[in-house]
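Count the sequence shown with mature numbering (1 follows the signal peptide of the UniProt record, and there is no 0) and you get residues -16 to -1, 1 to 104, in order. Step one of this worksheet: look at the structure below.
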Amino acid sequence: MKIVILTLCLATAILAQEKYDAVDDDFDISEVLQNDRLLNSYAKCLLDKGPCTPEVKKVKDKLPEALATRCAKCTDKQKQIGKKLAQEVKNKRPELWKELVAHYDPDGKYQDAFQDYLKP
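Here is the structure:
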């Protein structure tokens, strides 16, 4: 019985580690989307055209893996934030969206998965 409990505890610990940190889940994406200066600054970081804040650097570092794994390690809140950000940028700043897609998916290998992700 002790082995079963120990195994369950270990499995739970491993599964918990397989998600990205939820520390930034309280991030207010609306503030970024309503502030062109802030959005442009974040975009420059993501596109390797400018400096990064520590928060955006975390996203930038994890973005290639998140795209490749369909955000398998993202928390529900991170998925919600990412979806809102992607939809807003795609609809309201198509030129920026094209730059981001060209930078992070130059071969178009994530397009089908991403279109599924963006569906309402």
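Glycine included, C-beta positions come from ideal geometry on N, C-alpha and C.
Alpha-carbon spacing of residue i relative to residue j, whole angstroms
i	j	result
Asp96	Gln71	15 Å
Pro38	Cys29	10 Å
Gln18	Ala52	29 Å
Gln99	Pro48	17 Å
residue 117	Glu2	Given that the chain is displayed from residue -16 to residue 104, the structure contains no residue 117 and the question cannot be resolved.
Lys82	Pro90	10 Å
Lys46	Lys57	10 Å
Proximal residues to residue i (C-beta, below 7 Å), its chain only, five neighbours per side dropped
i	result
residue 190	As displayed, the chain neither begins before -16 nor continues past 104, which places residue 190 out of reach and without an answer.
residue 113	Because the chain here runs from -16 to 104, residue 113 falls outside it and cannot be looked at.
Val16	Leu22, Leu23 and Tyr26
Assigned secondary structure, residue i (DSSP; H/G/I helix, E/B strand, else coil)
i	result
Tyr4	coil
Cys36	coil
Tyr101	helix
Ser25	helix
Asp12	coil
Pro90	coil
Gln18	coil
Ala56	coil
Leu30	helix
Exposure of residue i, with buried meaning 16 or more beta-carbon neighbours within 10 Å
i	result
Gln62	buried
Leu102	exposed
Cutoff 6 Å; reference residue i; Cβ partners in own chain excluding five residues on either side
i	result
Ile13	Ile65, Lys68 and Leu69
Tyr94	Leu51
Asp5	none
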